[in-house]
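Structure, as structure tokens:
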Amino acid sequence: MNRIPLRFHLNDAEIGEFIDSGTTLLSLLRDKLGLTATKSGCNQGSCGACTVLINGAPQLSCLVLAARCEGKSVATLEGVSDNGTLHPLQRAFMDGFAAQCGFCTPGMIIAAKALLDRNPDPDRGEVIDAISGNICRCTGYEPIIDAILAAAAEMRGGKRKSA
Amino acid sequence: MSVALRAAASPREACRHIARRDARLIAGGTLVMNEINNRETVTASLVDLASLRLRSIKIANSRVTLGAMTSMADIAAHPKLKFLKPVVTAIGGPAVRNMATVGGNLHAEAPYGDLGVALLALDARVTLETARQRKTMRLEDFYAQHRKLGAYLVTAVNFALPGANRFFFTKAIRRKPVSASVVAVAAHLPRKGKRLAGPRIALGAMAPHPIRAKAAETALDGKALDETTIAAAASAATEGSAPASDPYASAWYRREIAPVYLARLLAQAAGQKS
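Top line first, the protein sequences correspond to chains A and B.
Going by the numbering used here, the residue at position 25 of the first sequence is 25; the numbering climbs one at a time, nothing skipped.
Position in the second sequence (from 1) plus 163 gives the number in the numbering used here.
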């Protein structure tokens, strides 16, 4: 085993750990740090369930070696709510029944947050593109797209998209 | 899984490492991590290319040079590479596009590797380094020969900027807006007057790596793009191809629809203002 030190920023915390150099970021989050919101789906980069933000951009944590996150900033679903107050995306997913089994939901919300952080007023096509790497086998996607658009509207202050 | 990760100090040092031992290069990770997670690759050592300064897009004298570590998202965001946006935004999803690199895409086997299909139509050159030398070769030759090159590292690709409305791309997929290719078609269609001059057609998922549809190119060269020439090119589209059957499509289906997608792409090109 190659044990190596790793320091990175995770949600609101500075993390320092000794890890095996072959550990994926997904495994570090779930198995070592106990943050299980990020899901292990296909382990092939096909399903999007393990999506996290690295330096603000969505990446697939099953395909990222944790060692490559040295000095970087990682955001997971655990950091999306604010001291127990749900993020507008989380509320919109609940209100719009955008989750059924819920397995894809953390990845969907992270992918949607990456979109809204960059583009607070997306159209439907941009929302579809943002979650195009995230597979949902329950909802048929429409409630998820509606929820993301509703959250975007709320975050803009209740204003509806003009177009 | 026990994997040693070491940062590459230079392209040559990276080559020396993979030449000497059971080591693999890792760029964006979408290919090699997939193999590791599937236990297809039992590798003792990964050589991390992130430390090399290979992430760049340079455009000079109408020639585009993409560093090998440039991501699909970098290409999608570049204002002068809009003609490649339909290619890269049909790959993966935003997370994959943030990770997947130009150099990696050239090593993605069918039905993946769509950027390579576009680059083949654009007659791209590949610059690579071995432990001893740097060389530049046509992408077409790279696809044919790279397994025989020994230890090497692709550092960049370059190609001439196509004229406005001269580059076209489409692909057949099973799940919109992104999926692996049932078939991908790229066409670079320079013209002299109304006639095509040196057209290049490339197909993805019609062989283990992207291939040129040379018979279709011959059917188009020197001709005006009309119904007759489009039909002739379409009927020659699959000559020399060897598609595989996989979970996305059967070889039979790929042969059936490659001509249809080529004809549609050419019809779209014919509708553009010259």
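C-beta atoms are modelled at their ideal positions from N, C-alpha and C, and glycine is treated no differently.
Whole-Å CB distance - residue i paired with residue j, under 8 Å assumed
i: A/Ala92; j: A/Glu14; result: No, A/Ala92 and A/Glu14 are not in contact; Cβ-Cβ is about 31 Å, not under 8 Å.
i: B/Leu359; j: B/Leu383; result: 5 Å
i: B/Phe305; j: B/Leu269; result: 7 Å
i: B/Ala421; j: B/Val341; result: Actually they are not in contact, since the Cβ atoms of B/Ala421 and B/Val341 sit about 20 Å apart, beyond 8 Å.
i: B/Ala407; j: B/Ala400; result: About 17 Å separates the two Cβ atoms, so there is no contact after all.
i: A/Arg30; j: A/Ser40; result: 7 Å
i: A/Leu65; j: A/Thr24; result: 6 Å
i: B/Leu212; j: B/Ala177; result: 7 Å
i: A/Pro106; j: A/Ala37; result: 5 Å
i: B/Arg417; j: B/Ala368; result: 6 Å
i: B/Val210; j: B/His241; result: Actually they are not in contact, since the Cβ atoms of B/Val210 and B/His241 sit about 28 Å apart, beyond 8 Å.
i: B/Ala182; j: B/Ala294; result: 6 Å
i: B/Arg218; j: B/Thr233; result: 5 Å
i: A/Leu26; j: A/Cys62; result: 5 Å
i: B/Ala426; j: B/Ala387; result: That belief does not hold up - the Cβ atoms of B/Ala426 and B/Ala387 are roughly 16 Å apart, past 8 Å.
i: B/Pro353; j: B/Arg329; result: 6 Å
i: A/Pro120; j: A/Ala152; result: 6 Å
i: B/Ala258; j: A/Thr85; result: Incorrect: roughly 27 Å between the Cβ atoms, too far for contact.
i: B/Ala370; j: B/Ala405; result: 5 Å
Exposure label - residue i; buried when at least 16 CB within 10 Å
i: B/Leu428; result: buried
i: B/Asp237; result: buried
i: A/Cys101; result: exposed
i: A/Thr76; result: buried
i: A/Met94; result: exposed
i: B/Gly256; result: buried
i: A/Ala163; result: Below a pLDDT of 50, predicted positions are generally treated as unreliable, and A/Ala163, at 41, falls in that range; the measurement from the model is reported next regardless. That one is exposed.
i: B/Ala207; result: exposed
i: B/Tyr424; result: buried
i: B/Ala350; result: buried
i: B/Leu188; result: buried
i: A/Pro122; result: buried
i: B/Pro443; result: Nothing can be reported for residue 443 of chain B, as the shown portion of chain B is limited to 164 through 437.
i: B/Pro325; result: buried
i: A/Leu6; result: buried
i: A/Lys161; result: Because the pLDDT of A/Lys161 is 48, which lies under 50, any placement of that residue in the model is unreliable, and the number read from its coordinates should be weighed accordingly. It is exposed - the Cβ of A/Lys161 has fewer than 16 other Cβ atoms within 10 Å.
i: A/Leu10; result: buried
i: A/Gln90; result: buried
i: A/Ala114; result: buried
i: B/Arg363; result: buried
i: B/Thr299; result: exposed
i: B/Pro373; result: buried
i: A/Asp12; result: exposed
i: B/Glu292; result: buried
i: B/Asn143; result: Here chain B has residues from 164 to 437 only, and residue 143 of chain B is not among them.
i: B/Asn447; result: Any question about residue 447 of chain B goes unanswered here, given that chain B covers just 164 to 437.
i: B/Asn201; result: exposed
i: B/Ser344; result: buried
DSSP bridge partner residues for residue i (one or two, in chain order)
i: A/Leu53; result: A/Pro58 and A/Ala75
i: B/Ala319; result: B/Gly230 and B/Thr290
i: B/Met300; result: B/Val289
i: A/Phe8; result: A/Ile15
i: A/Asp95; result: Looking at the DSSP assignment, A/Asp95 forms no beta bridge with any residue, so it has no partner.
i: B/Leu168; result: B/Leu209
i: A/Ala67; result: Answer is none; A/Ala67 lacks a bridge partner.
i: A/Thr85; result: A/Asp82
i: A/Thr36; result: Answer is none; A/Thr36 lacks a bridge partner.
i: B/Leu179; result: Reading off the sequence shown, one finds Arg at residue 179 of chain B, where the question assumed Leu. Paired residues: none, contrary to the question.
i: B/Thr193; result: B/Thr193 pairs with nothing; no bridge assigned.
i: A/Arg3; result: A/Asp20
i: B/Glu295; result: Note on residue identity: the sequence assigns Arg, not Glu, to residue 295 of chain B. DSSP lists no partner for B/Arg295.
i: B/Ala412; result: B/Asp409
i: B/Ala186; result: B/Ser208
Cβ-heavy atom distance, residue i to the ligand ADP, below 8 Å
i: A/Thr76; result: The ligand ADP is absent from the structure shown, which contains no ligands of any kind.
Q. Are at least three pairs of beta-carbons, each pair with one atom in the segment 66 to 78 of chain A and one in the segment 273 to 292 of chain B, less than 8 Å apart?
A. The segment 66 to 78 of chain A vs the segment 273 to 292 of chain B: no contact.
Q.
Quick check: the segment 44 to 58 of chain A against the segment 99 to 112 of chain A, are at least 3 beta-carbon pairs closer than 8 Å?
A. When C-beta atoms of the segment 99 to 112 of chain A are compared with those of the segment 44 to 58 of chain A, three or more pairs fall below 8 Å, so the two segments count as touching.
(Q) Threshold first: 4 residues or longer. Then list the alpha helix (DSSP H) segments lying entirely within the segment 326 to 408 of chain B, N to C. (A) List check, alpha helix (DSSP H) in window: 377 to 383 and 390 to 398.
Q: Flag this pair as touching only if the segment 190 to 201 of chain B and the segment 282 to 293 of chain B have three or more C-beta atom pairs under 8 Å; answer yes or no.
A: Under the Cβ criterion (8 Å, minimum of three pairs), the segment 190 to 201 of chain B does not count as touching the segment 282 to 293 of chain B.
Q. Does the segment 125 to 141 of chain A touch the segment 43 to 51 of chain A, meaning 3 or more C-beta pairs lie closer than 8 Å?
A. Between the segment 43 to 51 of chain A and the segment 125 to 141 of chain A there are three or more inter-stretch CB-CB distances shorter than 8 Å, so the stretches are counted as touching.
Q. Would you call the segment 171 to 178 of chain B and the segment 144 to 153 of chain A in contact, with 3 or more CB pairs under 8 Å?
A. Counting Cβ pairs under 8 Å, fewer than three are found: no touch.
(Q) List, from N- to C-terminal side, the beta strand (DSSP E) runs of 3 residues or more that fit wholly inside the segment 213 to 276 of chain B. (A) The qualifying runs are 220 to 223 and 226 to 230.
Q. Any chance the segment 299 to 319 of chain B sits against the segment 254 to 269 of chain B, with 3 or more Cβ pairs inside 8 Å?
A. Result yes; three or more Cβ-Cβ pairs closer than 8 Å.
Q) Within the chosen definition, does the segment 241 to 255 of chain B reach the segment 331 to 339 of chain B through at least 3 CB pairs nearer than 8 Å? A) Counting Cβ pairs under 8 Å, three or more are found: they touch.
Q) Quick one: complete alpha helix (DSSP H) runs, 4+ long, within the segment 121 to 160 of chain A? A) Within the segment 121 to 160 of chain A, the runs of alpha helix (DSSP H) that reach at least 4 residues and sit entirely inside it are, in chain order, 124 to 130 and 142 to 155.
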